[in-house]
Structure formats: structure tokens, C-alpha cells
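>
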DNA sequence: TTGAAAGCGCTAACAT
DNA sequence: ATGTTAGCGCTTTCAA
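Protein chains in written order, with our numbering: chain A, 362 to 699; chain B, 362 to 699.
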């Protein structure tokens with residue numbers, strides 16, 4: 362800290378009060394437009410405040426605030442990753458709602474790791490947020506306990522398959538996998554492969570695969586071969602995985618990908634190889650990304666209501682109703698690739 | 362709030378002190394591992410703390426903290442949008458640094474609007490952050506004044522073309538545009554078009570275009586036709602804009618896009634039309650996204666060090682050196698599309 | 001090594 | 001309608 366800051370005196374509420382020639386509490390009332398005061402004092406105060414460039418200290422405000430109003434106008438958000446487009450979309454959904462509600466969000470990234478998540482949640486809790494929005498239902502026992510003990514609103518978003526804490530907003534990952542399997546079967550594909558990214562960390566991708574496999578097996582079918590790349594999902598990873606899979610099992614007639622990024626990689630590979638899609642091989646993704654739906658042949662995939670989930674999660678957090686589970690569902694997109 | 366919370370008593374430092382049979386300040390010292398205390402008390406205190414499930418209240422801690430330690434372990438981040446992949450990448454870069462430094466980040470979205478930005482920054486400032494990372498150099502006069510008066514570290518990231526406040530981490534958008542123009546000219550393209558998204562809001566896209574046009578004109582050339590779509594940038598928008606442009610000016614031999622998303626749309630259109638790239642028409646993007654580089658023909662584009670910018674921005678914010686401008690540069694990728 | 005006491009900047013009774 | 005007085009939960013002198 363050298364560039365500026367010769368120990369800047371930050372303007373406080375007391376400074377404003379002195380400047381306006383009124384008491385502290387009057388300033389507080391005027392600035393929060395709460396309680397009663399004459400029109401004249403209102404003007405004097407707001408004028409003094411802006412003349413001094415007063416910025417209220419929310420830390421102090423929240424600390425002093427009534428013990429009823431649990432927490433501040435801060436909300437904590439925990440997402441597994443910023444790499445995956447899905448999460449920025451969720452944030453975007455919340456953003457609108459929180460903006461109009463006057464909430465600020467503190468964001469933590471768990472990196473798909475329940476232990477890191479525990480640490481991140483502790484850190485967020487120490488800011489005494491009004492509530493927490495977290496991703497998925499898989500948490501450590503300690504996290505679950507601490508969350509319940511916190512007494513604040515907890516929203517778990519994205520997935521609905523499992524035990525929850527307070528409010529859940531999402532859809533069934535397992536069911537999404539099943540629906541994908543049913544679609545491929547109904548189209549007549551029988552030699553089905555899978556290309557996925559590191560699934561030990563992405564629990565929901567694992568659940569989709571589980572639902573997918575279960576549905577195939579219920580009808581006497583199976584995944585004939587699978588290729589798991591060790592990295593996070595990406596177009597490049599999908600392309601490499603698909604290449605490896607098809608080289609090993611060329612008779613495969615349809616591939617289920619862990620998500621659209623991966624599936625786009627597969628599609629690019631088909632383009633390069635000159636393979637007709639879906640004649641030579643059908644492709645099925647997950648997410649319903651813009652990039653995937655705008656391909657020369659729109660991807661067959663499952664579109665998830667990410668913005669909507671974010672919005673609902675934010676609304677439920679700020680509203681304060683009973684605990685509940687909201688299933689937002691998903692849409693199977695019958696694209697041109699499967 | 363009904364699900365749980367029959368007015369939960371949140372454990373305070375005083376509770377821990379009572380439980381451990383010591384004074385408040387002792388607990389404070391032990392928990393922050395600062396000052397001196399016997400090994401015995403250390404154990405008693407930390408045991409009591411974990412038995413009670415104590416979560417320190419950072420609001421109170423920061424408020425009480427020394428007036429020297431400007432601000433908390435909170436940093437404010439302002440980005441224009443969450444839609445554009447670029448910004449999550451920047452956040453990701455910061456995330457790692459802040460995690461290890463024990464900082465929490467509060468994020469605000471300005472929606473490419475200087476007036477909204479002003480409001481967002483005020484809101485962030487009210488949490489008394491240790492510093493602020495904001496995007497770009499274009500701010501309202503009021504924002505600039507308030508930022509300077511705040512006395513905290515301010516990092517402006519992404520762009521270096523213009524007047525700054527404290528620390529700048531980025532590259533020259535104008536120069537990126539120029540480099541793109543030079544590349545297309547050196548490859549022999551002469552009938553050059555432009556397809557862009559709403560540029561009145563995205564200042565940096567406008568600067569790139571300005572640099573691009575200036576360089577063409579310096580060498581006696583010009584942009585023969587341009588198509589601006591009114592929406593935000595997306596693959597679909599790029600495709601539509603490119604279609605319109607080529608329908609109107611079919612003789613165009615190269616197109617400069619406002620970014621990779623848009624350029625991918627153009628590429629998809631060529632695929633659908635069966636146009637050979639770059640023979641029929643060359644394409645040039647901006648950003649260097651995974652999606653663009655993994656195309657059957659890797660996109661010719663400019664890759665920007667987004668993670669690195671985020672990292673450096675975060676480091677500069679936490680480190681506290683003199684004001685400075687750090688130019689991280691960019692890489693022109695000689696792909697297969699131009 | 002430890003405790004007591006004085007705030008940090010604000011809000012919320014309670015007076016007036 | 002407005003001022004006065006306690007705190008909110010913590011950190012930090014300053015004594016002991």
C-alpha cells in the first residue's frame with residue numbers, strides 16, 4: 362500500500378451527524394429511511410452525507426442489527442468450479458434476484474471436493490450471511506451438522522437425488538441419465554459407448570451415468586465400452602476420449618457423453634474424420650449449451666434450466682418459506698446427432 | 362425461516378472463554394495464534410472452541426481490528442458479465458491466490474454499464490474490503506473519485522489503454538485489433554469484413570475494432586462491410602451476423618469477428634454451406650477459447666492470458682507494492698482459418 | 001502469561 | 001421528531 366493512502370480518514374456516521382448538526386440515530390434513521398423525521402432534517406442529513414461522501418459501514422450495521430434479522434444482506438454461495446459453464450449460469454440466475462433484493466454474494470469454490478467444501482463453508486459462515494446456497498447434496502457429516510446448527514437458510518441446488526438439509530432446487534441427475542438411455546434405445550441404437558471426464562469428482566455426472574447404465578440393463582442392454590479421461594471436461598478431452606473409444610471399439614453406433622463440452626469434441630472428431638452423424642455414430646450430450654445447439658447439426662442433449670434454478674434458489678433464500686424440494690425438471694432435446 | 366431455527370444461539374467468543382475458564386482476550390489470542398499464552402491454556406481454549414462448535418464472527422473481528430490493517434480479509438470484484446466465458450476465467454485465476462491468502466471475494470456484476478458499476482462499487486465498499494478488483498478503465502467520474510478516496514488498493518484488469526487509478530493488469534485492446542489486421546493483410550486478404558456484437562456496451566471490443574480499422578487505413582485499406590448484431594455475443598449471433606454479412610457482400614474474403622464465440626458461429630455457417638475455410642473466406646476471432654482451438658480447423662485468433670491476469674491481479678492486491686501497470690501481452694494464434 | 005476495559009461504527013430501545 | 005444510551009462480538013492497549 363503505497364500508491365495512495367496517507368492514512369485516509371474514512372467518513373463515519375458520526376461525522377455526518379456533526380456536519381448536519383443532528384444526533385447519530387437521526388442520521389441512521391434518515392439514511393435507512395426507517396422511523397420518523399422531518400422533511401427538513403432529511404434534506405440536511407442526506408446533503409451532509411453526500412457532501413462528505415459517506416459510505417455506510419455494513420459490518421458495523423450488521424453487527425449492531427437486531428438479533429432477529431438473522432445475518433446480514435450477505436449471502437454465501439458455494440460452487441464446485443468456475444471452469445464449467447454451468448456454474449456461471451447459475452450465478453447469473455441468482456445475480457438478478459439478489460441485486461433487486463439488495464444482497465451481496467460471497468462466492469466460494471469447492472473444487473468438487475467435500476473436504477474443501479467444508480472449509481469454504483466455515484469461512485463463509487464466519488461472515489454471518491443471511492443464508493447459503495450450495496451445490497449438490499453430498500457433504501461431509503461435519504458440514505451437514507454445522508449447516509443445521511447455523512440456523513440460517515440453506516439452499517442445495519442442482520441435484521435432487523439424496524438426503525437434503527433445508528431447501529432443494531434441482532432435478533434428478535439419475536433420471537436425466539435414464540431419459541438419455543431411453544432416447545438412444547428408442548432410436549434403435551444398440552452398441553452404445555460412453556465417454557466421460559473424471560467422474561470420481563463430479564458426483565452428478567456419476568449419477569447420470571448410473572441412471573443411464575441402469576436403464577440399459579433393465580432392458581437387457583449395456584454400455585459396450587467406455588473411455589474415461591482423467592482431466593476435467595473440455596472439448597479437447599472429449600475429442601481425445603472419443604477418438605480412443607472409437608479406435609478400440611469401432612462397431613459402436615452411439616456414444617453417451619458426460620456433457621456437451623465432451624460431446625462437441627466428439628462431433629468435431631467426426632467432422633475431421635468425415636463420419637456422418639448420426640449414421641456412422643450417434644452422439645448424445647448433457648446441458649444444452651448454446652455452443653452445442655448451434656452446431657451445423659444441433660446436438661441431441663438434455664437441456665437444464667440453469668438460470669431458472671439460480672433464480673429460484675435466490676428467491677427461496679430471500680423469501681423465507683418452509684423447507685421444500687423444488688424439482689425444476691429438464692428437457693430432452695431431440696437434436697440431429699442422435 | 363421455518364424449517365429449522367427456533368432462535369439458535371450462536372456461540373460467541375465469550376462463550377468459549379467461559380467454557381475454558383479464561384478471559385476473552387486470551388481466547389482471541391489463542392485462536393488467532395498471536396501474542397503469548399501457555400501451552401496448557403492453548404489446549405483448553407481450542408478444545409472448548411471445538412466442543413462448542415465456535416465459528417468466529419468476522420464482522421466483529423474486522424470492525425474491532427486495528428485501524429492500520431485497512432479493511433478485512435474481504436476483497437470486492439467487479440466484472441461486467443458472467444455470460445462471457447472470459448470473466449469466469451479471470452475469477453478462476455484470482456480464486457487460487459485468494460484461497461491461499463485467506464481472502465474471501467464478494468462479486469458484483471456491472472452489466473457493462475458504468476452507472477450500474479458505480480452502484481455496485483458503492484455496495485462493495487460498504488463491506489470495507491481490503492481492496493477492489495474491477496474491470497477496464499472506463500468509469501464514471503464519481504466512481505473514480507470515490508475509489509481514490511477509499512484509500513484501499515484498486516486493481517483495474519484486462520485493458521491498459523487509458524488513464525488508471527492505482528494498479529493495472531492487462532494488455533492493449535487496441536494493439537490486439539492492430540495485430541489482427543496486420544495478420545490478415547500479411548496473408549493477402551484485401552476484402553475484409555467485420556461481424557460484431559453490441560459494441561456500444563463492450564468498450565474493449567470497440568477498442569479492438571478501432572485498432573483494427575486504424576491499421577487497415579494506415580495501409581490504404583478498409584473494412585468493406587460490417588454487420589453488428591444487437592444482442593450479446595454468442596455462437597448463434599455470430600452465425601446470424603455472418604450470414605447477413607456474406608449475403609450482402611459475397612465478395613468478402615476475410616472476416617474479423619468481435620470474439621471467438623461469434624467466429625465459431627461463422628465457422629459453423631461455413632460448414633453448413635460447404636464453404637472451404639479459409640479459401641472461400643477466412644475467419645479471425647479473439648480470446649483463444651478451448652472451443653475455438655479444438656475446432657476441426659483450429660481458429661486463427663488472439664489468445665489472452667486470462668488466468669494469469671486473474672492471478673497477477675490477486676497477487677498485486679494482496680501484496681501491496683507501488684502503483685504500476687503490468688502488461689501481460691497476448692498471443693496471436695496462427696490457426697487454420699486465416 | 002493473562003485479564004480488564006475501552007472502543008470499532010452502527011442500530012435499537014428508551015426518553016424527551 | 002429527535003437525542004441519549006446501551007450494546008453487537010471482537011481486538012487491542014495497558015496493567016497486573
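C-beta atoms are modelled at their ideal positions from N, C-alpha and C, and glycine is treated no differently.
Because the structure is a prediction, the values reported are computed rather than measured.
Counting Cβ pairs closer than 8 Å, one from the region 469-483 of chain A and one from the region 378-385 of chain B, do we hit at least three?
no
> From the DSSP output, which residues share a beta bridge with residue 648 (chain A)?
A:664
> When you compare each of B:656, B:631, B:635 and B:608 to residue 630 (chain A) by their alpha carbons, which one comes out closest?
B:656
> Can you have a look at residue 544 (chain B) and say buried or exposed, based on whether 16 or more other CB atoms are within 10 angstroms of its CB?
buried
> Based on DSSP bridge pairs, tell me the residues matched to residue 555 (chain A).
A:587 and A:617
> Hey, does residue 651 (chain B) have any beta-carbon neighbour from chain A nearer than 7 Å?
Yes, residue 651 (chain B) lies at the interface with chain A (some Cβ there is under 7 Å from its Cβ).
> For residue 713 (chain B), decide whether its Cβ has a neighbour in chain A, counting only Cβ atoms nearer than 7 Å.
An answer regarding residue 713 (chain B) cannot be provided, because it is not within the stretch 362 to 699 covered by chain B.
> Per DSSP, residue 465 (chain A) is paired with what?
A:435
> Contact between the region 518-534 of chain A and the region 487-504 of chain A: three or more CB pairs below 8 Å?
Flag = yes, the region 518-534 of chain A and the region 487-504 of chain A touch.
> By the 7 Å beta-carbon criterion, what residues does the region 590-621 of chain A contribute toward chain B?
595, 596, 597 and 600
> Quick check: what's the CA-CA separation for residue 398 (chain B) versus residue 383 (chain B)?
11 Å
> Is the beta carbon of residue 680 (chain B) less than 7 Å from the beta carbon of residue 455 (chain B)?
no
> Can you give me the Cβ contacts of residue 510 (chain A) inside the same chain, cut-off strictly under 6 Å, excluding the 5 residues immediately before and after it?
Within the same chain, residue 510 (chain A) has no close Cβ partners at all.
> With distances taken Cα to Cα, identify the nearest neighbour of residue 665 (chain A) among A:457, A:530, A:371 and A:588.
A:530
> Starting from the N-terminal side, write out each stretch of the alpha helix (DSSP H) that is 4 residues or longer and does not extend beyond the region 481-545 of chain A.
502-511
> Which two residues bound the contiguous alpha helix (DSSP H) that contains residue 685 (chain B)?
Residue 685 (chain B) -> not in any alpha helix (DSSP H); beta strand (DSSP E) instead, spanning 685-688.
> Note the first and the last residue of the continuous alpha helix (DSSP H) segment covering residue 563 (chain B).
No alpha helix (DSSP H) contains residue 563 (chain B), which DSSP labels as neither H nor E.
> How would you list, in chain order, the residues of chain B whose beta-carbon sits under 7 Å from the beta-carbon of residue 657 (chain A)?
629, 632 and 633
> Could you tell me the boundaries of the beta strand (DSSP E) in which residue 693 (chain A) lies?
692-694
> Within 10 angstroms of the Cβ of residue 502 (chain B), are there 16 or more other Cβ atoms? Answer buried if so, exposed if not.
exposed
> Mark residue 484 (chain B) as exposed unless 16 or more other C-beta atoms lie within 10 angstroms of its C-beta, in which case mark it buried.
buried
> Just mark residue 431 (chain A) as buried or exposed, buried being the case when its beta carbon has 16 or more other beta carbons within 10 Å.
Residue placement at residue 431 (chain A) is flagged as unreliable, the pLDDT there being 47, under the threshold of 50; the coordinate-derived value follows with that caveat. With 16 or more Cβ atoms within 10 Å of its Cβ, residue 431 (chain A) is classed as buried.
> Is the CB-CB distance between residue 541 (chain A) and residue 628 (chain A) below 7 Å?
no
> Below 7 Å between beta carbons: does that hold for residue 584 (chain A) and residue 613 (chain A)?
no
> Out of B:518, B:595, B:641 and B:598, which has the shortest C-alpha to C-alpha gap to residue 610 (chain B)?
B:641
> Given a limit of 7 Å on CB to CB distance, which residues of the region 487-500 of chain A reach chain B?
487, 488 and 489
> What three-state label does DSSP hand residue 446 (chain B) in the structure shown?
coil
> In its own chain, which residues sit with a C-beta less than 6 Å from the C-beta of residue 557 (chain B), not counting the 5 before and 5 after it?
589 and 619
> Our contact map puts residue 694 (chain A) next to residue 652 (chain A) with C-beta atoms below 8 Å; I'd like the distance itself, whole angstroms only.
Contact doesn't hold; Cβ gap of about 13 Å is too wide.
> Counting only beta-carbon separations shorter than 7 Å, does residue 467 (chain B) have a partner in chain A?
yes
> Which residue wins for smallest C-alpha separation from residue 370 (chain B), given the options B:416, B:387 and B:621?
B:416
> Measure the C-alpha to C-alpha separation of residue 532 (chain B) and residue 388 (chain A) and round it to an integer number of angstroms.
45 Å
> Give a yes or no on whether the C-beta atoms belonging to residue 413 (chain B) and residue 372 (chain B) are separated by under 7 Å.
yes
> Determine which residues of the region 556-581 of chain B have a Cβ less than 9 Å from any Cβ of chain A, and write them out in chain order.
Within the region 556-581 of chain B, no residue has its Cβ closer than 9 Å to any Cβ of chain A.
> Need the endpoints of the alpha helix (DSSP H) that residue 612 (chain B) sits in, please.
Looking at the DSSP string, residue 612 (chain B) is not in any alpha helix (DSSP H), and its letter there is neither H nor E.
> Is the Cβ-Cβ distance between residue 505 (chain A) and residue 463 (chain A) less than 7 Å?
no
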